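Numbering (the working numbering), first residue to last: 227 to 349.
What follows is a single structure, written as structure tokens, with notes after it.
The following block contains the structure:
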């Protein structure tokens, strides 16, 4: 009886697995038909576009689309690099910054006019 007790869940799992495989197999037929129908419709549209505008215009549009995808990929890559740099530098910049200290150890804030004058001189 102990052996039958341990075999029951395994048998149930095998049966469940077979049922799921069967259901997925049944669903794959309509899905593949729709994908094939979509591919054939796209092929007909492409052929119509080539017949209407010519092969050169079609290839030019494909080139423009490929260049846009490449540009978007490069921009995304640069954005990820910038985000990594910001994430690396952000902990250093966050939080209150200590004010400059004088010789006696008291914090003194720099006057705003002096900073503004230095900024204007650097421009």
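Every residue, glycine too, gets a C-beta built ideally from N, C-alpha and C.
Here the structure is a predicted model, which means the values were calculated and not measured.
Between residue 296 and residue 284, the beta carbon gap of about 19 Å keeps them out of contact (Cβ cut-off 8 Å).
Looking at the backbone, the Cα of residue 303 and that of residue 241 are separated by about 47 Å. Collapsing the DSSP output to three states places residue 280 in coil.
If you draw a straight line from the Cα of residue 268 to the Cα of residue 258, it is about 15 Å long.
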